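Per the working numbering, the sequence shown starts with residue 6, numbered consecutively. In this text, a Cβ means the ideal position worked out from N, Cα and C, and glycines have one as well. The structure displayed is predicted, hence computed values, not measured ones. For reference, the structure discussed in these notes is given below.
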Amino acid sequence: MYASVFNPSNKRITIAVDGYSSCGKSTLAKALAKKLNYIFVDSGAMYRAVTLYFIENNIPISTLQSESDNGKLKGYLDNIKISFEKNQTNNSYEVCLNGRNVEKEIRLMNVSENVSLVSTIKSIRQKLVQLQQDLGKNKGVVMDGRDIGTVVFPNAELKLFMTADINERANRRFNELTHKGIKTTLEEVKENINQRDYDDTHRIESPLVQATDAILIDNTFYNEEQSLQVAMDKFLEVIKK
């Protein structure tokens, strides 16, 4: 059905996948990138990696804004190198912090509880937005996050915005964490998601908002295959224009 998509002579575009946490953004973006043989970039993982750096180096996250004001934060950021390496086992790209694969560590609850605060700090966002734009400068990229279609790639040819029912999101996230052997409760997960929704939509720097030209996908009742089908249909519409 999609044979024509994979012709290397076809136009390569930038695909932005934004939306709320735990609604299937990364799952869809990974599947879409794999289907199209595009690079996948999880921008949220980058903010999580920065958060992990502060936690592991005992740098109080509550002081980051004041240290940004006095210039100290720049020194921290200069010591943070974020890259992605391809996992040959599952054919996906995973985030590395200063050369160390931290894909599992960044999903722990202590990171989840602090990443929204870290992502509100202007100097951190500026550093990561520049890196994200560098990663996608040659197109052929699927990037997911909170501000990809509004800030990072406002001219992306295809923008998707994902949402889902809060209870469904909490269940999915809880099952994911449990599968990875991370101990938590469903109530803790739901509380964390609610807090992140509030933080993401109310922050001053690049708040989560649907771009006016983004296509809304309510992922509440879609399985992974159905979400991919919707995204692929929209992709084909774009490249045929």
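- Around the beta carbon of Ile87, a 10 Å sphere encloses 16 or more other beta carbons of the protein chains shown; the residue is thus reported as buried.
- With 16 or more other Cβ atoms inside 10 Å of its own Cβ, Gly49 counts as buried.
- For the set Asp47, Asp223 and Gly186, the Cα lying nearest the Cα of Gln137 is the one of Asp47.
- Under the three-state reduction of DSSP output, Gly145 falls in the coil class, being neither helix nor strand.
- Assigned with DSSP and collapsed to three states, Lys109 falls in coil, not helix or strand.
- If you look at Lys91, you'll find it in the beta strand (DSSP E) that goes Ile87 to Asn92.
- For the pair Glu108 and Glu99, the CB atoms are nearer than the 8 Å cut-off.
- Lys91 and Asn106 have their C-alpha atoms spaced approximately 10 Å apart.
- In this structure, Thr217 lies away from Gly24, with their beta-carbon atoms at least 8 Å apart.
- In this structure, DSSP gives Leu213 a state outside helix and strand, which the three-state scheme calls coil.
- Per DSSP, the unbroken beta strand (DSSP E) holding Ser97 starts and ends at Ser97 to Leu102.
- A straight line joining the alpha-carbon of Asn224 with that of Asn180 spans about 17 Å.
- Of the candidates Asn197, Leu165 and Gly145, Asn197 places its Cα closest to the Cα of Arg174.
- Contact between the region 179-193 and the region 226-244 is absent: fewer than 3 CB-CB pairs across the two stretches fall below 8 Å.
- Residue pairing by DSSP places Thr19 opposite Val146 in a beta bridge.
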